[in-house]
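Number of protein chains: 2
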Amino acid sequence: MIAFIYQNTNVNQRIQIIKNKPTIKQLIYFEAVASTLNFRQAAQSLGITQPTLTLQINSLEQQIGFQLFERSRSGTLLSVQGRELLPLAKKILEANDAFLDTADWIKNGPVTTFKMGVPPTLGPYLLPSVLPELHKQYDELKLYVREAPPKLLQQQLLDGEFDLILSPLPAASSELAIQPLFIEPIKFVVPADHKLASSGDVSASQIAGENVLTLEEQHYLHRQVQDICQQFGANLMRDFEGTSLDTLRQMIVMGLGVAFLPGLYIHSEMHRPEALHVCELRDIPISRKHALIWRPKSPSRVFFRELASQFREIIKDRLDKVVTVIE
Amino acid sequence: MIAFIYQNTNVNQRIQIIKNKPTIKQLIYFEAVASTLNFRQAAQSLGITQPTLTLQINSLEQQIGFQLFERSRSGTLLSVQGRELLPLAKKILEANDAFLDTADWIKNGPVTTFKMGVPPTLGPYLLPSVLPELHKQYDELKLYVREAPPKLLQQQLLDGEFDLILSPLPAASSELAIQPLFIEPIKFVVPADHKLASSGDVSASQIAGENVLTLEEQHYLHRQVQDICQQFGANLMRDFEGTSLDTLRQMIVMGLGVAFLPGLYIHSEMHRPEALHVCELRDIPISRKHALIWRPKSPSRVFFRELASQFREIIKDRLDKVVTVIE
DNA sequence: ATTTGGTGATAGCTTTTATCTATCAAAATA
DNA sequence: TATTTTGATAGATAAAAGCTATCACCAAAT
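Listed in order, the protein sequences are those of chains A and B. Following our numbering, the numbering of the first sequence begins with 333 at its first residue and continues without gaps. Following our numbering, the numbering of the second sequence begins with 333 at its first residue and continues without gaps.
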């Protein structure tokens with residue numbers, strides 16, 4: 333039990349009561365005397381002088397209010413009370429060892445659990461390709477991955493909810509550290525029996541009059557699609573906003589409209605190409621740029637930079653035909 | 333892990349390496365900053381100044397080799413590594429709390445486990461009458477009772493194996509603290525159909541020629557009995573030394589001889605008086621004096637003196653007709 | 001019985017650590 | 001733009017940890 337009272341600022345002193353405060357050193361000394369039952373031998377093994385040891389044990393005994401040892405010129409014995417407390421002192425020292433061991437382990441490798449935020453339009457379609465390979469590089473690295481829309485991602489990064497995020501650019505805040513990774517194309521998807529399905533890529537002007545499905549407003553994709561629809565006279569279907577890319581896809585198949593879908597999603601999830609026709613706008617290819625982002629003062633920033641390099645290598649190696657890595 | 337090397341006595345300094353030694357205070361500071369995420373607020377609640385807190389956290393971070401916090405002018409965040417170590421720091425502080433709580437508990441009462449040695453010819457026949465009553469006086473007192481022959485009892489008291497002993501006098505060592513408790517008569521026991529069984533007390537001269545059974549040599553009783561047999565011409569049966577009082581009793585019943593048995597044993601264990609005749613030697617009553625004994629420098633010596641008083645009271649109260657309490 | 005060696009304790013001093021006040025630079029807020 | 005709040009730094013003071021020298025007491029050896 334520890335009690336604090338506030339400092340009296342008018343006095344160039346303060347009264348701080350931490351009731352009964354043994355130090356780690358005193359407990360180490362206690363353990364050493366208990367094992368040798370000889371102050372001089374214990375002092376030597378501890379690397380201090382015998383008077384210092386005597387004073388420190390006396391100080392500890394004064395703090396707790398009773399003697400830990402029976403002293404005589406015949407030798408030293410652990411007292412009954414000392415016998416009771418010794419296991420508890422050892423528990424503190426063991427907990428201290430565990431603390432130091434873990435600190436050492438953390439210091440010598442990225443053996444920590446980082447919280448990474450990802451957008452739901454990207455995370456599930458990118459990370460399954462990347463994380464297994466990343467795991468081979470850092471077998472003890474743990475990434476706790478959680479999805480959030482991009483704007484919320486960046487806010488929660490600033491709030492400390494995430495340690496780093498994978499997010500489309502541009503970043504809302506200029507104060508963040510940004511490592512661009514790759515450019516992902518946004519594909520134009522229509523039902524297989526749609527009039528625009530027969531040809532290859534579609535001219536932007538050809539989408540005039542089309543009903544365009546999109547995700548709800550807080551997704552980054554939404555704004556881009558909105559701009560294009562406005563520019564080329566397509567109808568943005570506000571009443572049928574989907575909550576996920578799969579929902580959008582099902583709606584396209586059912587003939588409710590057309591949509592712009594991310595390249596990685598298509599690559600990852602669309603295994604029956606006959607149901608839908610996938611192409612790009614010929615003259616205005618739409619894409620989004622993704623980056624790894626973290627707080628500039630993060631103590632792990634050096635590791636994060638290395639992590640970004642690893643992301644680029646893996647993506648280039650495994651998804652070269654789907655996205656364009658930024659060197 | 334802690335490494336020690338020995339002091340170089342020719343240099344008025346030493347090199348002491350306690351690798352990475354956080355102090356309890358630093359861990360308390362760590363926990364406080366982690367919970368407020370603000371150095372100034374944490375310092376105020378700790379009762380120290382903000383520069384002190386900053387320096388102590390910096391020192392802790394230097395010891396473990398990485399940062400526990402991300403600092404910015406926008407505020408403070410726990411780093412990833414700090415998040416990993418915080419639970420371990422809390423474990424140390426919890427173990428420290430347990431240590432202090434237990435120390436406080438010990439300080440405020442004899443709530444410790446004392447190791448008490450007793451002779452097997454006494455302990456089992458005295459303590460069942462005494463300990464329940466003693467327990468009412470000190471409900472948290474624990475006595476770990478172990479039997480050993482008297483000579484060994486005293487040696488192990490000196491060695492610290494026991495904290496106190498219940499032993500017949502005189503003590504082998506004059507350096508021990510002795511509180512005499514009571515005098516126990518030694519009874520003369522013969523088979524019920526023995527020629528000496530018809531009368532009351534027996535004259536010492538009447539034991540001439542009798543076969544006298546006794547315990548093995550290291551028991552205190554042995555020497556007394558040996559002296560009496562030598563003085564009055566009885567035969568000490570060396571070939572049939574028993575190992576316990578019960579064994580002796582069975583041998584008496586079987587007509588193998590007569591014996592001297594302690595009064596408390598008889599009072600406690602002989603519930604079928606028709607099998608044996610119990611009396612005393614009329615002109616030379618044999619007895620043994622018992623005492624509570626401890627090391628004079630024992631920190632619990634004041635309590636032991638009180639314990640001796642309690643023993644006397646209880647024995648006087650419950651065994652007044654069997655033994656003579658020494659005031 | 002005397003001498004020697006070993007025990008833990010004490011006095012006075014030095015070194016190290018913890019803490020303070022004063023003030024800084026940087027960022028956020030009004 | 002001015003003010004407030006943040007954590008950091010410099011220089012000084014106080015407290016704690018450690019030292020050497022020596023003590024009294026007891027056990028062991030002679």
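Glycine is no exception: its CB is placed at the ideal position from the N, C-alpha and C atoms.
DSSP state of B/Gly455, grouped into three classes?
Residue mapping note: residue 455 of chain B aligns to position 123 of the second sequence, counting from 1. The answer is helix: DSSP assigns B/Gly455 an H, G or I state.
Residues near A/Gln399 by beta carbon distance below 8 Å, same chain, minus five either side
Walking along the first sequence from the start, residue 399 of chain A turns up at place 67. Within the same chain, Cβ atoms closer than 8 Å to the Cβ of A/Gln399 are found at Glu393, Ser411, Gln413 and Gly414, the five residues on either side in sequence being excluded.
CB A/Leu508 to CB A/Leu489, shorter than 8 Å?
As a first step, residue 508 of chain A is located in the first sequence; it is residue number 176 there, counting from the start. As a first step, residue 489 of chain A is located in the first sequence; it is residue number 157 there, counting from the start. Cβ distance < 8 Å, so A/Leu508 and A/Leu489 count as in contact.
Are A/Val657 and A/Arg644 closer than 8 Å when you measure CB to CB?
Locating residue 657 of chain A in the first sequence gives position 325, where the first residue counts as 1. Locating residue 644 of chain A in the first sequence gives position 312, where the first residue counts as 1. Inclusion of A/Val657 and A/Arg644 in the CB contact set at 8 Å is warranted, their separation being smaller than that value.
B/Gln511, enclosing beta strand (DSSP E) - first and last residue:
Your numbering for residue 511 of chain B matches position 179 in the second sequence. In the DSSP assignment, B/Gln511 falls within the beta strand (DSSP E) that extends over Ala509 to Pro523.
What residue range is occupied by the uninterrupted beta strand (DSSP E) comprising B/Asn543?
Locating residue 543 of chain B in the second sequence gives position 211, counting from the first residue. In the DSSP annotation of this structure, the continuous segment of the beta strand (DSSP E) that includes B/Asn543 starts and ends at Asn543 to Leu545.
Where B/Pro631 meets chain A, residues with beta-carbon distance less than 9 Å:
The residue labelled residue 631 of chain B in the question sits at position 299 within the second sequence. For a Cβ distance threshold of 9 Å, residue set Phe398, Gln399, Leu400, Phe401, Glu402, Ser411, Val412, Gln413 and Gly414 of chain A lies close to B/Pro631, ordered along the chain.
Measuring alpha carbon to alpha carbon, tell me which residue in B/Gln558, B/Ser535, B/Lys422 and B/Asn390 is nearest B/Thr546.
The sequence position of residue 546 of chain B within the second sequence is 214, counting from 1. Nearest C-alpha to B/Thr546: B/Gln558.
Classification of A/Thr384 by the beta-carbon crowding that lies within 10 angstroms, buried from 16 upward
By one-based count along the first sequence, residue 384 of chain A stands at place 52. With fewer than 16 Cβ atoms within 10 Å of its Cβ, A/Thr384 is classed as exposed.
Let me know the secondary structure DSSP gives A/Gln465 once reduced to three states.
Sequence index remark: in the first sequence, residue 465 of chain A carries index 133 (1-based). Strictly speaking, residue 465 of chain A in this sequence is Glu, with Gln absent from that position. The DSSP-derived three-state label of A/Glu465 is helix.
Just checking my contact of B/Leu496 with B/Phe636 at CB under 8 Å: how many whole Å lie between their CB atoms?
Locating residue 496 of chain B in the second sequence gives position 164, counting from the first residue. Locating residue 636 of chain B in the second sequence gives position 304, counting from the first residue. The C-beta distance from B/Leu496 to B/Phe636 rounds to 6 Å, short enough to meet the 8 Å contact threshold.
Collapsed DSSP secondary structure at B/Gly449 in the structure displayed:
As a position in the second sequence, residue 449 of chain B is number 117, starting the count at 1. Strand.
Please name the residue in A/Arg478, A/Leu651 and A/Leu425 whose C-alpha comes closest to that of A/Leu359.
By one-based count along the first sequence, residue 359 of chain A stands at place 27. Cα-wise, what sits closest to A/Leu359 is A/Leu425.
Under 8 Å by Cβ, that's how I've got B/Glu472 and A/Lys629 pegged, so tell me the actual separation to the nearest angstrom.
In the second sequence, residue 472 of chain B corresponds to position 140, counting from 1. In the first sequence, residue 629 of chain A corresponds to position 297, counting from 1. Not quite, the Cβ-Cβ distance comes to about 54 Å (not below 8 Å), so this is no contact.
Judging by CA-CA distance, which residue of B/Gly397, B/Ile438 and B/Glu465 is the nearest neighbour of A/Asn440?
Within the first sequence, the letter at position 108 stands for residue 440 of chain A. That would be B/Gly397, whose Cα lies nearest to the Cα of A/Asn440.
Taking DSSP's pairing of strands, which residues face B/Ile625 in a bridge?
Sequence index remark: in the second sequence, residue 625 of chain B carries index 293 (1-based). B/Ile625 is bridged to B/Ile497 and B/Ile510.
Does DSSP classify A/Ala503 as helix, strand or coil?
Here residue 503 of chain A is taken as the residue at index 171 of the first sequence, counted from 1. Coil, per DSSP.
Do B/Ile618 and B/Gln556 have their C-beta atoms within less than 8 Å of each other?
In the second sequence, counting from the first residue as 1, residue 618 of chain B sits at position 286. In the second sequence, counting from the first residue as 1, residue 556 of chain B sits at position 224. Contact annotation: B/Ile618 and B/Gln556 have beta-carbon atoms nearer than 8 Å.
Give the DSSP bridge partners of B/Glu479, in chain order.
Within the second sequence, numbered from 1, the residue matching residue 479 of chain B stands at position 147. Note: B/Glu479 sits in a beta bridge opposite B/Val450.
Cβ atoms of A/Ala623 and A/Ile539: under 8 Å apart, would you say?
Start at 1 with the first residue of the first sequence, and residue 539 of chain A comes out as number 207. Start at 1 with the first residue of the first sequence, and residue 623 of chain A comes out as number 291. In this structure, A/Ala623 does not lie closer than 8 Å to A/Ile539 by Cβ.
Note down, in chain order, every chain B residue with its Cβ under 8 Å from the Cβ of A/Thr444.
The residue given as residue 444 of chain A occupies position 112 in the first sequence. Listed along the chain, the chain B residues whose CB falls inside 8 Å of the CB of A/Thr444 are Val412, Gln413, Arg415 and Glu416.
Any chain A beta carbon closer than 8 Å to B/Ile625
Residue numbering aside, residue 625 of chain B sits at position 293 when the second sequence is read from its first letter. Closer than 8 Å: no.
Enumerate in chain order the residues of its own chain whose CB-to-CB distance from B/Asp578 is below 8 Å, with the five nearest sequence positions on each side excluded.
The residue you call residue 578 of chain B lines up with position 246 of the second sequence. Sequence-distant partners of B/Asp578 (beyond 5 residues in either direction) whose C-beta falls short of 8 Å from its own C-beta, in its chain, are Glu601.
Determine, for A/Asp615, whether the minimum Cβ-Cβ distance to residues of chain B falls below 8 Å.
Along the first sequence, one-based indexing puts residue 615 of chain A at 283. So no, A/Asp615 is outside the interface.
Distance between A/Tyr361 and B/Gln348 (C-alpha atoms, nearest Å):
Position 16 of the second sequence, counting from 1, holds the residue named residue 348 of chain B. Position 29 of the first sequence, counting from 1, holds the residue named residue 361 of chain A. Because B/Gln348 carries a pLDDT of 30, less than 50, the predicted location of this residue cannot be relied on, and the following value inherits that uncertainty. Each residue's alpha carbon lies about 14 Å from the other.
Got a sec? Which residues, its chain only, sit under 7 Å from A/Phe564 by beta carbon, not counting five neighbours each side?
Against the first sequence, residue 564 of chain A aligns to sequence position 232. So the list reads Ala536, Ser537, Ile539 and Ala540, once near-sequence residues are dropped.
Residues that A/Lys439 contacts on chain B, provided the C-beta gap is smaller than 9 Å
The residue you call residue 439 of chain A lines up with position 107 of the first sequence. Those within 9 Å of A/Lys439 in chain B are Ile396, Gly397, Phe398 and Gln413.
For A/Leu613, the nearest candidate out of A/Leu417, A/Phe520, A/Ser506 and A/Leu458 (CA to CA)
Counting from 1 along the first sequence, the entry for residue 613 of chain A is found at position 281. The residue with the shortest Cα to Cα distance from A/Leu613 is A/Phe520.
Using a Cβ-Cβ distance under 8 Å, would A/Asn390 count as near chain B?
To locate residue 390 of chain A, count along the first sequence from 1; it is residue 58. It does not: the Cβ of A/Asn390 has no partner Cβ on chain B nearer than 8 Å.
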